[in-house]
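In my numbering, the protein residues as written are 758 to 979.
All residues carry an ideal CB built from backbone N, CA and C; glycine is no exception.
Below is one structure, written out as structure tokens; comments come after it.
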Amino acid sequence: MGELPLIASGMMGRMSLLDAALGAHRVVIEFPRTGVEDWVALAEVLLQEGLGAWALPPDLLATAPEVVALYGFRARVGACGVTDAAAVRAAVDAGVHFILAPTTSPEMVEAAGEVPFVGGALTPNEVAGVVRGGADTVLVTPADALGTAYARTLPPMFPGVALVPSGRLERYQCEMWLDAGAAGVVVSDVVLRPEDDAGLNTADEVGRRAAGFGTLARRLQG
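Laid out in structure tokens, this is it:
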């Protein structure tokens, strides 16, 4: 991976990239591409549990302007899963507050402009490449791919970097990452998707799952 331009933009000043992207939130819930029929109802459930940072995949970016209009003062609404500069520009045009990307390139950083962009990496070498480009925050993704032991081994290698693991992470896995020094977590599927990946979760079921992560989010907010 080549050198990347400094990611922190002028609007951020001395603010860390993580703070610029997520504010006080440190648990991000990724909306699945399918399986959500009434996102408004689920958004209310998430807010009730203190989970006010959400990331929309490319397939749902068309809804981003509506989500931001309804919840922009109560939640941070971002994009996730974008893999090239064109997709980043589409996310910016949709009005998201931040962008989480599984890959990183100078073109993607440039396309993000003033929107906080958190680029992804997985291996130590990839993380180091993003850090050499000037980033103080790195999305570790897919964080569930290398097993739970990776949560204990990667953060100590980069003590000055805000690592944010992203993937299909259960609460205990999130806690492992955070206890090892991660600065936040991005949770895919576990809260909003049914366990069998079929059908739709009810608001009651989402509330039950979200409660545990909400407790974690409130703990991180102090």
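For residue j and residue i, the rounded distance between their alpha carbons
i       : j       : result
Gly-852 : Leu-827 : 12 Å
Ala-937 : Pro-912 : 6 Å
Gly-891 : Ser-923 : 21 Å
Ile-764 : Ala-844 : Model confidence at Ile-764 stands at a pLDDT of 38, short of 50, so the residue's coordinates are unreliable; what they give is reported in the following sentence. Taking the straight line joining both Cα atoms gives about 18 Å.
Gly-964 : Val-802 : 6 Å
Thr-972 : Ala-906 : 23 Å
Leu-799 : Ala-960 : 6 Å
Phe-830 : Leu-804 : 12 Å
Arg-928 : Ala-968 : 10 Å
Val-944 : Leu-775 : 16 Å
Asp-901 : Val-887 : 20 Å
Gly-767 : Phe-855 : Bear in mind that a pLDDT of 32 at Gly-767, under 50, signals an unreliable position, so the number given afterwards is only what the model happens to contain. Their backbone Cα atoms lie some 15 Å apart in a straight line.
Val-785 : Glu-806 : 12 Å
Ser-862 : Ala-885 : 14 Å
Gln-978 : Leu-935 : 13 Å
Asn-958 : Leu-818 : 21 Å
Gly-870 : Ala-847 : 12 Å
Arg-966 : Asp-893 : 31 Å
Val-824 : Glu-962 : 22 Å
Beta-bridge pairing of residue i - partner residues as DSSP gives them
i       : result
Ser-923 : Val-943
Gly-877 : Leu-896
Ala-839 : The question names Ala, yet the displayed sequence has Val at residue 839. Note: Val-839 sits in no beta bridge, so no partner.
Val-963 : Looking at the DSSP assignment, Val-963 forms no beta bridge with any residue, so it has no partner.
Phe-855 : Gly-835
Proximity winner among the options, relative to residue i (alpha-carbon distances)
i       : options                            : result
Leu-920 : Ser-945, Asn-958, Thr-880          : Thr-880
Gly-904 : Ala-974, Arg-925, Val-824          : Arg-925
Leu-857 : Val-895, Arg-965, Val-887          : Val-895
Gly-835 : Met-914, Gly-780, Ala-885, Pro-916 : Gly-780
Thr-860 : Asp-795, Pro-873, Arg-889, Val-897 : Val-897
Ala-939 : Ser-945, Asp-946, Val-947, Gln-930 : Gln-930
Arg-783 : Ala-812, Ala-885, Glu-867          : Ala-812
Arg-950 : Asp-850, Gly-917, Pro-789          : Pro-789
Val-947 : Ala-777, Ala-778, Glu-787, Ser-773 : Glu-787
Val-797 : Ala-777, Thr-820, Asp-816          : Thr-820
Arg-976 : Gly-941, Asn-958, Glu-962, Arg-966 : Gly-941
Ala-932 : Phe-970, Asn-958, Arg-966          : Inspection of the sequence shows that residue 932 is occupied by Glu rather than by Ala. Checking every option, the nearest Cα to that of Glu-932 belongs to Phe-970.
Glu-883 : Arg-966, Phe-915, Gln-978          : Phe-915
Ala-868 : Asp-893, Ala-878, Thr-840, Arg-889 : Thr-840
Ala-878 : Ala-974, Arg-889, Glu-871          : Arg-889
Cβ distance (whole Å) where residue i is taken to contact residue j below 8 Å
i       : j       : result
Ala-842 : Ala-810 : At roughly 24 Å, the Cβ-Cβ gap does not stay under 8 Å, so Ala-842 and Ala-810 are not in contact.
Gly-985 : Pro-873 : Given that the chain is displayed from residue 758 to residue 979, the structure contains no residue 985 and the question cannot be resolved.
Val-866 : Ala-778 : Contact flag wrong, Cβ pair sits at about 13 Å.
Cβ-heavy atom distance, residue i to the ligand COA, below 6 Å
i       : result
Val-785 : By its list of ligands, the structure shown contains no ligand whatsoever, and the ligand COA lies outside what it can speak to.
Subject >> alpha helix (DSSP H) runs contained entirely in the segment 785–814, provided each spans 4 or more residues >> reply: 796–805
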